[in-house]
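Protein chains in written order, with my numbering: chain H, 2 to 379; chain A, 2 to 379; chain B, 175 to 499; chain Y, 175 to 499.
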Amino acid sequence: MSRIVRGIDEASIEKTLGIYRIIDEEGNIVGDEPNLDGSTLYKLYEYMVRARVLDEWLLKLQRLGKVAIHAPNLGQEAIVGAVTPLKPDDWVFPSYRDLGVYLVRGMDEEEILDRALYNQDDPLKGSDFAIYGNRRFNMVPTPVPVGNQIPHAVGVAYAMKYLDRDSVTMVMFGDGATSRGDFHAGLNFAGVYRVPVIFVCENNQWAISVPFDRQTRSPSIAFRGLVYGIESIRVDGNDVLAMYKIASEAVEKARKEKEPYLIEMLTYRLGSHTTADDPSKYRSEEEVNRMMKYEPLKRYRNYLIFKGVLTDSEANELYRRYYNYIEDIAKKVLNKGGLPHDVFFHNVFEKLPWNLQDQLREFRESLELMKSLGLEVD
Amino acid sequence: MSRIVRGIDEASIEKTLGIYRIIDEEGNIVGDEPNLDGSTLYKLYEYMVRARVLDEWLLKLQRLGKVAIHAPNLGQEAIVGAVTPLKPDDWVFPSYRDLGVYLVRGMDEEEILDRALYNQDDPLKGSDFAIYGNRRFNMVPTPVPVGNQIPHAVGVAYAMKYLDRDSVTMVMFGDGATSRGDFHAGLNFAGVYRVPVIFVCENNQWAISVPFDRQTRSPSIAFRGLVYGIESIRVDGNDVLAMYKIASEAVEKARKEKEPYLIEMLTYRLGSHTTADDPSKYRSEEEVNRMMKYEPLKRYRNYLIFKGVLTDSEANELYRRYYNYIEDIAKKVLNKGGLPHDVFFHNVFEKLPWNLQDQLREFRESLELMKSLGLEVD
Amino acid sequence: MPQINMVEALNMALREEMERDDRVVVLGEDIGRRGGVFLVTDGLIDLFGEERVIDTPLTELGIIGFSIGLALYGLRPVAEIQFIDFVYEAFDQIYSNMARIRFRSGGMYNVPLVLRSPCCGGIKGGMHHSQSPESLFIHTTGLYVMMPSGPYDAKGLLKTAIRLNDPVIFLEPKSIYRVIKEEVPEDDYTIELGKGKIVREGGDITLVTWGAMVHISKQAADIVKEKLGVEVEIIDLRTLYPYDKDLIIDSLEKTGRMLIVHEAPKTLGLGSELSAYIVEEHVDLLYGPILRVTGYDTPFPLAHEKLYMPNIARIYNAISKLMEY
Amino acid sequence: MPQINMVEALNMALREEMERDDRVVVLGEDIGRRGGVFLVTDGLIDLFGEERVIDTPLTELGIIGFSIGLALYGLRPVAEIQFIDFVYEAFDQIYSNMARIRFRSGGMYNVPLVLRSPCCGGIKGGMHHSQSPESLFIHTTGLYVMMPSGPYDAKGLLKTAIRLNDPVIFLEPKSIYRVIKEEVPEDDYTIELGKGKIVREGGDITLVTWGAMVHISKQAADIVKEKLGVEVEIIDLRTLYPYDKDLIIDSLEKTGRMLIVHEAPKTLGLGSELSAYIVEEHVDLLYGPILRVTGYDTPFPLAHEKLYMPNIARIYNAISKLMEY
Ligand SMILES: Cc1ncc(C[n+]2csc(CCOP(=O)(O)OP(=O)(O)O)c2C)c(N)n1
Ligand SMILES: Cc1ncc(C[n+]2csc(CCOP(=O)(O)OP(=O)(O)O)c2C)c(N)n1
Ligand SMILES: [Mg+2]
Ligand SMILES: [Mg+2]
């Protein structure tokens, strides 16, 4: 089977069934290193550390009852490698487990916490939980129904091509999301229309309690891309260098040739699904411990130390610095006021239709009445 | 790439990219003939002839304004090969373009015309147009939204396995239907649960005006089956022997091993999409003429003549016989009365809820009023 | 001015808007070479090319999800759903995204997307080529909903829809696509969102309706006038959300009697909201009950569709009852 | 008899029905080992094995489409949608198939499928973990719709739903999953389809509600009694389609005043149908308007959900207004 039928040849299939990696779980070099200067190498590490520290803080704030819910990203920090090659004008549709993505795009810890607490500075104005985004960073807030954003990203990429822009779109989603109609339709449209979109599937082996094997019998997610006529590859998603390198190639290809690309980021969800989850019901601690040794930070730190870009104590210091930094921010954001009571009447439409005007009037009266009845106004 | 990853090896991929056939467009034997006696060989031909003649009659009745709409099956008659291996207890979910399927399952021309005219004997009681089915034949009436029946078939197959029945399910759908979420979900469930279902995609190259190339960039529909972990094959869908042979194998495998199977029936829609369509807007007559030479009846007739199962004049006589037969039936069914006026109040629920009882009362009054106002009661 | 039908008027609106603004693109199943199964997009592909007149794969979810992306980036897509009966695969995209992205993003993003589709019965289309699901969209919150009853309004409303910065469900009663002809100017005119129209004046009864039922209602009103001497005022809502409450109230101030006619099933058809709104806020205007003549609470049938849909006798009957108050 | 909560009562109903009839199977996302994210199916996989307690891939369309197939072949599937807010991918399967197969097949096939799902607000769930879309299902035609307000009813209604030969949408107000405890017998009892219940008697006002709003309404009624001396009669509908019109009419015969309270957005919430029905058929029972206290016509917000949902002050206000008549 070496003949080529619409891009299906041995090599393209191999790419979807193998696992592309550059550094192994000890940090040893086992593949082609990209040609990166020390500061870029360091930046990747710094983003991963920031993501991890922020994750810890969000978990802490959740336990303190300040944050309603959080989806931990422990173990998936190498996603920062996927977004780093993007330019500001490129668009990103992140998933809900993508703290590192938000940071790389320019959203800082304060904005993320404002969002998590939906205080007066929440850019999304208290619309929904556990989602992040901001137009300033060309990052569209994630819809909670899993996978909805996939066809949106394809539409944006089509519009970029139609308007002759030099931009590309990247969209993240989990292994569970690949079962949805949105995935099927989105990838099919991208394949048919040949648009500059990069699909990044964070295959962390679990969709809440459903393991990959029960989600699909596809040999890999990357293999699925081929049936849509999309160049696809499976990457060791705990190897930030591999993620960076493949994403750079994909972004360049998308930008130059206006072609779609699918990256399967093979990783593992080390934490619970969200803070509302109890993974002990469906997977063993032993499995988690076993997978811990593949986690992305340690191996990349070893690599950077080997490369002379970082020392052990610098690494520890970096962690501590961000820990304290967020501690300060947490204090600050916890003191901010809430959103106005009538916030949810706005942003339904550009202008309030008459029924919403009437209802807003009734609403304001009801607030007065609550006070006069001695009821607490939330 | 010879290693096997979850059923993906060279041979399995080849099966999805090649075209399995037994007789070529002249009727010459180019593959392994199945071991069939003359009467079985003849039956396959007879069903194809009946399907073609019935198709002609439905078109004629449509032109006469007796039938609202018809989806011609010209060129796709070899689908009878797919259903012939099934047993009466097996279930079939046909497509709307499957006259031959209805006939093989035991529905006769009279019932099909009753249905097309939705007269008093319509088994589906005037519910919808261009769909056929009957519980007596374990054939579920087709939903008009394309592809809806695919996950239903998978559920039925699961129930068969769960209840330890010795039965299988077969479901037909077009190339256009493969773009729908129903296809994606249905095949994924079948792959994950390993149930005895045979998917038959009638890839007739067109979905109304959208050619296969614009529907998907998958190299074939069969190839798509692999990503769901389903054994899949592309068959010359105008070769009824090939269809019969592959379907027999698939049915046997499904029955014995409780495994799903996908058959891509590569064929061509020679007629218009439906009688409401105007194909001259989107495809050339030249293409249709070119494809005409691959049509399934002529080649199979040549083969049968070569095999000594049929003579030319017997073939002509067979055609004429069914033509006259249907002419008689058409006269008969056109004289049948219509369905009762209140037919649509029934079969919403097992029992009428109070609001439907009230409405039925109002409805009956309104019929009286129509008469007294001198308005025509439809 | 020549008289044209609704298909031609819609085609004219699309062409003019595409000429005016190259961010306007159209897409859907069979809308390119085929020109749409009802020919609403006929000829556009020749004028604007296949990058702006986009034939899509057969998935409504894909059409709407993809269109939302187009709209997010600043285009103004007009997506055709071949029949509104096939829209449901896209319902998650409509309900959770098209209608919610402005809200979800705190107002940072908006979705100027028009979903247009043939709707309603009267062509012997059976269960899945005949339905009137406007209620589902109106209840969604976050969508404007329109339904014209003739060529002139169709053109003006579609232009309005395309220029709004929020999503619009634009429903086209297919049974009158080619039946009604009107003078439709080649000029650029729009019809204000949320404004109904009195299509027949009368002092006895306020009949609120829309779409193809406007015409049945007019016929019924003529018969009622002849046989009962009752003068029916007919309001064509045109925009179903937000509907023109002021026009209804003004009319009720004259008549005190209200009848609603629509094709959708009765239970939770828009008639229920119109009735509930008037009773809640303007009960004092009423002499008696508010009646509804609607489709029945069953699936839309192929057999006897004319009896399933509101007809003259049922409207006549309701009017007679109302005149008892 | 020990007091148990609604999650435990639902779990008991499922277990008993599965023991009674091996055609009953449950399926959905995370309903196996995980026991469902709210633990309604907890432990069932140990009792009945993974062929009857089926974890599904992440696609609601798949869950419902597949369940329809199970039901067609004679099984009695109970499909969980993790939150009703995620049901929309399945809307085509629900609207065009689950609700229509009996009709399409002229009565030859039926779909005894229960779709159960947590619904409604009150747990700070934001836009997509809080909605109350019952209207969409009621308007569909072909579906029964139920919503219990406590453990006892939850068990009895779910058993009824499982035994019906037609499809049921079974909505569970998640905010009261664990809050309300009641004595729930281990016996086999059912609650008749279409029967509401008077949960508080009173002669001044008929308040119709369901789900978690039953409890808010009771609190409001107590305050109203204390402050205004008004006696509110509260009807818990329990079945939303077909709703118990007789219970409402009987109560209105006493009170002449009607208030409806629900969480869903006002426009085309079920309240509109209840109001329109009474005005159409029993207008003479009314002293004045029918009022509605409902969710606002906006998406369900994360911020200030308690203010978005009907609350005591708004119910109080509506009752005061009604007492002016
Ligand atoms: C349409 C839909 N169904 C169900 C859910 C509930 N839910 C939230 S996350 C999740 C699992 C997602 O798994 P995956 O896509 O692998 O992403 P991961 O959480 O592993 O990052 C589920 C079932 C949802 N958000 N949307
Ligand atoms: C969900 C849905 N969308 C659109 C249609 C309108 N429609 C009917 S058949 C058809 C094309 C189907 O093509 P294909 O699946 O290839 O089957 P074929 O007609 O070629 O046999 C379309 C678009 C439909 N019936 N259902
Ligand atoms: Mg996952
Ligand atoms: Mg086709």
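Yeah, the Cβ is synthetic: ideal placement off N, Cα and C, and Gly gets one too.
Keeping to the same chain, check which residues put their C-beta closer than 7 Å to that of residue i; ignore five residues upstream and five downstream.
i, result
"residue 225 of chain A", "179 and 219"
"residue 306 of chain H", "312 and 313"
"residue 404 of chain B", "378, 379, 398, 493 and 497"
"residue 54 of chain A", "320, 323, 324 and 327"
"residue 196 of chain A", "155, 158, 159, 162, 259 and 261"
"residue 56 of chain A", "73, 74, 75 and 100"
"residue 375 of chain B", "407"
Does the beta-carbon distance from residue i to residue j come in below 9 Å?
i, j, result
"residue 176 of chain A", "residue 150 of chain A", "no"
"residue 267 of chain H", "residue 289 of chain H", "no"
"residue 72 of chain H", "residue 97 of chain H", "yes"
"residue 130 of chain H", "residue 172 of chain H", "no"
"residue 159 of chain H", "residue 239 of chain B", "no"
"residue 268 of chain Y", "residue 218 of chain Y", "no"
"residue 254 of chain B", "residue 210 of chain B", "yes"
"residue 46 of chain H", "residue 301 of chain H", "yes"
"residue 257 of chain B", "residue 303 of chain B", "yes"
"residue 241 of chain Y", "residue 141 of chain A", "no"
"residue 217 of chain A", "residue 230 of chain H", "yes"
"residue 358 of chain B", "residue 333 of chain B", "no"
"residue 336 of chain B", "residue 288 of chain B", "yes"
"residue 374 of chain H", "residue 487 of chain Y", "yes"
Can you find the residues in the same chain that come closer than 6 Å, C-beta to C-beta, to residue i, ignoring five residues on each side of it along the sequence?
i, result
"residue 92 of chain A", "139, 157 and 170"
"residue 133 of chain A", "103 and 116"
"residue 376 of chain A", "none"
Going by DSSP, name the residue or residues bridged to residue i.
i, result
"residue 265 of chain H", "H/202 and H/235"
"residue 135 of chain A", "A/140"
"residue 215 of chain A", "Paired residue(s): none; residue 215 of chain A is not in a bridge."
Comparing C-alpha positions only, which one of the options sits nearest to residue i?
i, options, result
"residue 360 of chain A", "A/87, A/6 and A/345", "A/345"
"residue 42 of chain H", "H/62, H/51 and H/304", "H/304"
"residue 226 of chain Y", "Y/211, Y/251 and Y/237", "Y/251"
"residue 309 of chain H", "H/351, H/40 and H/35", "H/40"
"residue 332 of chain A", "A/118, A/90, A/26 and A/153", "A/118"
"residue 187 of chain B", "B/235, B/319, B/364 and B/231", "B/364"
"residue 415 of chain B", "B/309, B/468 and B/220", "B/309"
"residue 387 of chain Y", "Y/371, Y/372, Y/366 and Y/410", "Y/410"
"residue 373 of chain Y", "Y/323, Y/479 and Y/464", "Y/323"
Quick one: what's got a C-beta closer than 8 Å to residue i's C-beta in the same chain, skipping five residues either side?
i, result
"residue 526 of chain B", "The first residue shown for chain B is 175 and the last is 499, placing residue 526 of chain B beyond what the model contains."
"residue 426 of chain Y", "380, 432, 452, 456, 459 and 460"
"residue 8 of chain A", "227, 230 and 232"
Cβ-heavy atom distance between residue i and ligand 6 below 8 Å?
i, result
"residue 98 of chain H", "With respect to ligand 6, the structure shown offers nothing to examine, as its ligands consist of ligand 1, ligand 2, ligand 3 and ligand 4."
Just checking my contact of residue i with residue j at CB under 8 Å: how many whole Å lie between their CB atoms?
i, j, result
"residue 439 of chain Y", "residue 385 of chain Y", "Not really, about 15 Å apart at Cβ, beyond 8 Å."
"residue 340 of chain B", "residue 350 of chain H", "5 Å"
"residue 21 of chain H", "residue 247 of chain H", "6 Å"
Under 7 Å Cβ-Cβ, which residues of chain E neighbour residue i?
i, result
"residue 487 of chain Y", "Looking for chain E here will not work: the only protein chains present are H, A, B and Y."
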